[in-house]
Every structure is written in C-alpha cells, then in structure tokens.
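Residue numbers (the numbering used here), protein chains in the order written: chain A, 1 to 46; chain B, 47 to 377.
Structure follows, in structure tokens:
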C-alpha cells in the first residue's frame, strides 16, 4: 500500500474512532443524567 | 533483487497494518473502559420493585384504583378553599395518600397525556426545587420535604417570606455502597472524611485498595441538602477519575429498602447502628431526620390547620407508617 493510501486509511480510521468515542460519551452523559444513584452503585464492577 | 524488494514491501505493509490495528485497539480499549465503568451502569434495566421506588406520578395518584399509594378515606373531608399541596419526589406517595384521605375527589385533575397536574388541581408535583419556589410565590400552600437547604432559606428571606415548619414524620438518611464492598459500617467522622476528600482510598477505612468515588446529587434536592447539613458546610469532594473507583452514595431509607432486597447495593451501619424501623423510630440510628409540612405564615387558609391536624392524628401517623416512613412521635 502506498504511503498516501495508508495515510488516507489511517486518517479515516482515526476520524471514525473519534466520532464513535464522541457518540459513546454523549450517550453515556445522557444516560447518566437519568440513572438512579442506587442503580449506578449496584452495577459497579468489582 | 526483486525478492529483496518484495520482502521490503511486505514488511512495510505489515508495519502499516500493525499501525492501523494498534489505532483500533487503543480506541477499543478506551471504549471498553468507558462502557464497563460508566455506560453499562447507566443503562437502566430496573425491575418493577426498583421502578416502584422511582417516583412515577401516574402510578401514585390518589383516587385511582391501580395506584400504589396506601389507601385510606377519612370520615371528614375538606371543603371550601383547599390548600394546594406539593413536595419532594420521595414524599409524593405520602401526600398523594393524604389527598385521597381528606380531599374531595374532584379537587385532583391530572392529565395522563402530558403527565402534569392541571394548574387548578389541589395536588401538584414539582419536586423539591421548583415546588419550594412555588411555596414562596404563593402558588402552593403546603410543601412537603426534608428541611430546606441554606440557599432555599436565603431565597425565602430575600422574598420576605416566613415559613412555618411542622415536623410530621421521620426518615433515615442512609449511605449506600456496592454489596461487594467489604465495608459494612462507618463512623460519622469517616463518612465526612469520605465525602470531603480527607479519605480518598477505601483501605483507609478498612476496605479494599480502591479510590473513593463520592456521588453527588443535584443541588437543592432533599438528600443533597441533608448531606450538606451533615458535612457542616464543607464541600463535597469530586474525583474526576472516581468512576473507576468504588462509589458511596446516599439517599433516604424509603427509596432503598426494596432495592436492597434485590441485591447489588447495601446500606451501611453508622456508628455501628443499622437503620431499621426500630433504630430510626427510637433515634438510636444517629442520622434519623424529620420531614416537614411547610407553609407561609401569612397564609390564612384555615384548611391548612385542619390538614395538619389530620396528619398529626393517629390516622395520619398510621398512614405515614404504612407508607414506609416512621412516626414523628416515635422517639
């Protein structure tokens, strides 16, 4: 794969990953707003 | 020569693929951390028991056959100028039960589509912050909640409003942790340390080697005001990476009893005393707290006193007890 192709793929991949991360964070913040504290503690990983 | 070139191209390609895979792997790791420590804990899969303690007004309405409130109808029903009732979420099933006990049925108008009470309804639900403001502006006559926060009292002073607080029942302020947290009991001093940042790791109080994550509620909520009073003016410590540690939260006992039976969380003993109905009633549990019916002293509606007389009567106190709270005169 040429360097140019590699850079395009890498750049696209990074953009995609950043977008997915942003979407996950937004979704989490929205859910966190509605969750009860009790529920949040009950599902804590131990 | 050609073979050497092919070999070089192959290793470059392998390196490129490795970079791409590493980029995906780093992000996948980040997503996993976010998902495991936060997102999955926020996605609700609450059972019916749990939902019954999450205040859904439509399931706790008076004069509704399917309502979850304690059903009681007194012999004497209020007439004339009916006091408008409002209050904290945790107390809604209680003042809804008071409404059913002594208000005329037609005084409550609820629109199921919008999920709101009609402005003319004698029963309203705006929760602690907006409900208290409604008491100050006079659109609500009697407000039910824990003792207001200093900010709320200040806003009352600024508005030139004097409020009378009538204690009507008792509740326990409780602290919750995950059931797998090895800590079962804390002193009040340790609890203050956990919430103010003086204690930042559970091992400092005999627990696991995990950071403390004190969870805050919204400002002005009944439980947040009670915590602030408990901390004596000190601010709640915030740990930005605390969600990766072990949490401690707080609430009122009424919210938690059924949920605790389901597992997942446990209530901590305070100073070695577990908050059960007996220890809350007799005051042995150190964080028993009163809740109040509040009204403006300049409110001349005579039915307010009649309502309070009912609440403080044997009938009213029994209604409080059956609704899951403790009598005011129990200690």
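Glycine included, each C-beta is placed from N, C-alpha and C at the ideal position. This structure is a prediction, so every number in the text was calculated from the model and none was measured.
Item: The region 219-251 of chain B: positions lying closer than 9 Å to chain A by Cβ; Value: 222, 223, 224, 225, 226, 227
Item: Reduced DSSP secondary structure (H/G/I, E/B, other) of residue 330 of chain B; Value: coil
Item: Within 7 Å, strictly: CB atoms of residue 43 of chain B and residue 298 of chain B; Value: No statement about residue 43 of chain B is possible, as the shown extent of chain B runs from 47 to 377 and does not include it.
Item: Own chain partners of residue 330 of chain B with C-beta closer than 8 Å, once the 5 adjacent residues on each side are dropped; Value: 319, 324
Item: Pick from B:182, B:226, B:277, B:156 that is closest to residue 198 of chain B, judged by C-alpha positions; Value: B:182
Item: Test: residue 4 of chain A CB closer than 7 Å to a CB of chain B; Value: no
Item: Supposed close pair residue 128 of chain B, residue 141 of chain B - CB separation, criterion 8 Å; Value: Wrong, their Cβ atoms sit about 13 Å apart, outside the cutoff.
Item: Collapsed DSSP secondary structure at residue 29 of chain A in the structure displayed; Value: helix
Item: Contact under 7 Å by Cβ, residue 133 of chain B with residue 189 of chain B; Value: yes
Item: Neighbouring residues, chain A, relative to residue 295 of chain B (Cβ below 8 Å); Value: 37, 38, 40, 41
Item: Closest by C-alpha distance to residue 45 of chain A, when choosing among B:290, B:351, B:363, B:328; Value: B:290
Item: Nearest neighbour of residue 224 of chain B, chosen from B:267, B:346, B:258 [CA to CA]; Value: B:258
Item: Opening and closing residue of the alpha helix (DSSP H) in which residue 133 of chain B lies; Value: Taken as a continuous stretch (DSSP letters only), residue 133 of chain B belongs to no alpha helix (DSSP H), being part of the beta strand (DSSP E) at 131-133.
Item: Coarse secondary structure for residue 269 of chain B, derived from DSSP in three states; Value: helix
Item: Inter-residue spacing [alpha-carbon to alpha-carbon] between residue 351 of chain B and residue 131 of chain B; Value: 13 Å
Item: Proximity to residue 313 of chain B [Cα-Cα], best of B:86, B:203, B:293; Value: B:293
Item: Three-state secondary structure assigned by DSSP to residue 141 of chain B; Value: helix
Item: Through-space distance from residue 309 of chain B to residue 219 of chain B, alpha-carbon basis; Value: 19 Å
Item: Minimum C-alpha distance to residue 74 of chain B - residue among A:14, A:6, A:30, A:41; Value: A:14
Item: Closer than 7 Å to chain B by CB, residue 28 of chain A; Value: yes
Item: Contact with chain A by residue 300 of chain B, beta-carbon distance below 7 Å; Value: no
Item: For residue 79 of chain B, the nearest candidate out of B:57, B:288, B:326, B:332 (CA to CA); Value: B:288
Item: 6 Å Cβ shell around residue 273 of chain B - same chain, five flanking residues per side excluded; Value: 296
Item: Member of B:263, B:268, B:369 whose CA lies at the smallest distance from the CA of residue 303 of chain B; Value: B:369
Item: Near-chain A residues of the region 303-321 of chain B - C-beta to any C-beta below 9 Å; Value: 305, 306, 308, 309, 310, 311
Item: Host beta strand (DSSP E) of residue 124 of chain B (start-end); Value: It is not in any beta strand (DSSP E) - residue 124 of chain B carries neither H nor E in the DSSP assignment.
Item: Near-chain A residues of the region 65-81 of chain B - C-beta to any C-beta below 9 Å; Value: 65, 66, 69, 70, 72, 73, 74, 76, 77, 80, 81
Item: Straight-line gap, residue 96 of chain B to residue 162 of chain B (C-alpha atoms, nearest Å); Value: Its pLDDT being 46, under 50, residue 96 of chain B is placed unreliably in this model, and the value from its coordinates should be taken loosely. So the alpha carbons of these two residues sit roughly 23 Å apart.
Item: Terminal residues of the beta strand (DSSP E) in which residue 172 of chain B lies; Value: It is not in any beta strand (DSSP E) - residue 172 of chain B carries neither H nor E in the DSSP assignment.
Item: Residues near residue 155 of chain B by beta carbon distance below 8 Å, same chain, minus five either side; Value: 163, 164, 166, 167
Item: Any chain B beta carbon closer than 7 Å to residue 64 of chain A; Value: Since the first and last residues shown for chain A are 1 and 46, residue 64 of chain A lies out of range.
Item: Residue 33 of chain A versus B:261, B:281, B:279, residue with shortest Cα-Cα distance; Value: B:261
Item: Beta strand (DSSP E) runs contained entirely in the region 243-306 of chain B, provided each spans 3 or more residues; Value: 258-260, 292-298
Item: Proximity below 7 Å, CB of residue 214 of chain B to CB of residue 136 of chain B; Value: no
Item: Beta-carbon separation (whole angstroms), residue 248 of chain B vs residue 256 of chain B, contact threshold 8 Å; Value: 5 Å
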